[in-house]
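Input: a single structure, listed below in structure tokens.
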Amino acid sequence: MDMQKDYFKHKAEKYEQEVARTNNVQNIANKITNEIDYTKNMEILDFGSGTGLLLSAVAPFVKKITAIDISESMNKVLQNKSQDIKCDIEILKHDLTKSTINRKFDGIISSMTIHHVEDVGALFEIFYDMLNIEGSIAIADLDLEDGSFHKEDTGVFHFGFDRNEFLDIAKKAGFKNLKIQTASIVKKPYGEYSVFLLTGKK
Ligand SMILES: C[S@@+](CC[C@H](N)C(=O)[O-])C[C@H]1O[C@@H](n2cnc3c(N)ncnc32)[C@H](O)[C@@H]1O
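All letters in the sequence shown, in the order written, are residues 1354 to 1555 by my numbering.
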């Protein structure tokens, strides 16, 4: 039996109703598609794909996206709209931090997920392993914050990240051409939170 807690069980159905959230992911997607030269023969991976906000925006530029998420309820929302996504899509319920999948991709994208992962260094090594040579990463997450971003427990290990430390982690895993920039500002009623985008290549 799978005993892993689905932290997003009660959030999945209403996840896309928060405008600050959808705007944030749209900003991230715009930055990613400006930075990375995707082509229609590429297969990419979205780590922590959730309801598919990010991958839906990247889909028109690639051939196939493999969506990986541990939350059954988020995967279900994505499954229900998969007909409208403008590339091939495969949805996997999987925790990449526990075991890898034996596949290679031309790119990895991820938004607002890495702060849910305890050992980020180990995850970046897995990312590196899963990419073809010259494959790209485009990873967006919160800058350091005071812990007020999340009002509910969704399995958070990091209150955002220090950009230099995040760059170092990617460098140690072997990534090159690394660049980190502001992708978005999330405006919540109780504060503003900046989000960075890290891009690089294997
Ligand atoms: C804040 S949501 C972001 C979803 C989507 N990327 C977006 O920007 O709208 C984080 C997602 O990461 C997933 N997640 C957290 N830890 C994970 C792990 N170890 N492996 C796969 N998915 C994970 C959660 O289930 C959740 O759907």
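Note that beta-carbon positions come from the ideal geometry of N, C-alpha and C, so glycine has one too.
The alpha helix (DSSP H) that contains leucine 1408, what's its start and end? The residue given as residue 1408 occupies position 55 in the sequence shown. Element bounds for leucine 1408: 1406 to 1411.
Do isoleucine 1454 and isoleucine 1421 have their CB atoms nearer than 9 Å? Counting from one through the sequence shown, the residue named residue 1454 turns up at place 101. Counting from one through the sequence shown, the residue named residue 1421 turns up at place 68. Yes, the pair counts as a contact, with Cβ atoms nearer than the cut-off.
Compute the Euclidean distance between the alpha carbons of isoleucine 1423 and glycine 1401, then round it to the nearest angstrom. Residue numbering aside, residue 1423 sits at position 70 when the sequence shown is read from its first letter. Residue numbering aside, residue 1401 sits at position 48 when the sequence shown is read from its first letter. Rounded to whole angstroms, isoleucine 1423 to glycine 1401 spans 7 Å at the Cα level.
Quick check on DSSP: helix, strand or coil for aspartate 1437? Start at 1 with the first residue of the sequence shown, and residue 1437 comes out as number 84. Aspartate 1437: helix per DSSP, three-state reduction.
For valine 1509 and lysine 1451, what's the separation of their Cα atoms in angstroms? In the sequence shown, counting from the first residue as 1, residue 1509 sits at position 156. In the sequence shown, counting from the first residue as 1, residue 1451 sits at position 98. Distance between the alpha carbons of valine 1509 and lysine 1451: 17 Å.
Along the chain, where does the alpha helix (DSSP H) that runs through leucine 1550 open and close? To locate residue 1550, count along the sequence shown from 1; it is residue 197. In this chain, leucine 1550 is not harboured by any alpha helix (DSSP H); it is covered by the beta strand (DSSP E) spanning 1544 to 1554.
Count the other CB atoms, across all protein chains shown, that sit within 10 Å of the CB of serine 1501; report buried if there are 16 or more and exposed otherwise. As a first step, residue 1501 is located in the sequence shown; it is residue number 148 there, counting from the start. Residue environment for serine 1501: exposed (fewer than 16 other C-beta atoms within 10 angstroms of its C-beta).
Can isoleucine 1381 and serine 1537 be called in contact, C-beta distance under 9 Å? Working through the sequence shown from its first residue, we reach residue 1381 at position 28. Working through the sequence shown from its first residue, we reach residue 1537 at position 184. Yes; because the gap between Cβ atoms is below 9 Å, this pair is in contact.
Rounded straight-line distance, which links the Cα of asparagine 1517 to that of tyrosine 1368: As a first step, residue 1368 is located in the sequence shown; it is residue number 15 there, counting from the start. As a first step, residue 1517 is located in the sequence shown; it is residue number 164 there, counting from the start. Approximately 31 Å, taken between the alpha carbons.
Kindly examine ligand 1 and report whether one of its heavy atoms sits closer than 8 Å to the Cβ of leucine 1407. One-based indexing of the sequence shown puts residue 1407 at position 54. Leucine 1407: yes, Cβ under 8 Å from ligand 1.
Under 6 Å, CB to nearest heavy atom of ligand 1: contacting residues: This selection yields Phe1361, Val1378, Gly1401, Ser1402, Gly1403, Leu1406, Leu1407, Ile1421, Asp1422, Ile1423, Ser1424, Met1427, Asp1448, Leu1449, Thr1450, Ser1464, Met1465, Thr1466, His1469 and Val1470.
Helix, strand or coil: which one does DSSP assign to glycine 1401? Taking the sequence shown and counting its residues from 1, the one referred to as residue 1401 is at position 48. It is coil, neither helix nor strand.
Closest Cα partner of phenylalanine 1414 within the set Leu1484, Asn1383 and Ser1435: Your numbering for residue 1414 matches position 61 in the sequence shown. Nearest C-alpha to phenylalanine 1414: Asn1383.
Alpha-carbon to alpha-carbon, isoleucine 1418 and phenylalanine 1361: Your numbering for residue 1361 matches position 8 in the sequence shown. Your numbering for residue 1418 matches position 65 in the sequence shown. When rounded, the separation of the alpha-carbon atoms in phenylalanine 1361 and isoleucine 1418 is 22 Å.
I need the straight-line Cα distance from leucine 1431 to aspartate 1521, nearest angstrom please. Taking the sequence shown and counting its residues from 1, the one referred to as residue 1431 is at position 78. Taking the sequence shown and counting its residues from 1, the one referred to as residue 1521 is at position 168. If you take the alpha carbons of leucine 1431 and aspartate 1521, they lie about 33 Å apart.
Can aspartate 1515 and asparagine 1485 be called in contact, C-beta distance under 9 Å? As a working note, residue 1515 is residue 162 in the sequence shown. As a working note, residue 1485 is residue 132 in the sequence shown. No, the Cβ-Cβ distance between aspartate 1515 and asparagine 1485 is not below 9 Å.
Checking contacts by CB at 9 Å: is isoleucine 1533 closer than that to chain C? This model lacks chain C altogether, as it is built from one protein chain only.
Tell me where the alpha helix (DSSP H) around glutamine 1379 begins and ends. For the purposes of this step, residue 1379 is taken as residue 26 along the sequence shown, with counting starting at 1. Where glutamine 1379 is concerned, the enclosing alpha helix (DSSP H) stretches over 1372 to 1388.
Measuring alpha carbon to alpha carbon, tell me which residue in Glu1425, Pro1542 and Lys1532 is nearest glycine 1553. On the sequence shown, position 200 is the one that residue 1553 refers to. The candidate whose alpha carbon is nearest that of glycine 1553 is Lys1532.
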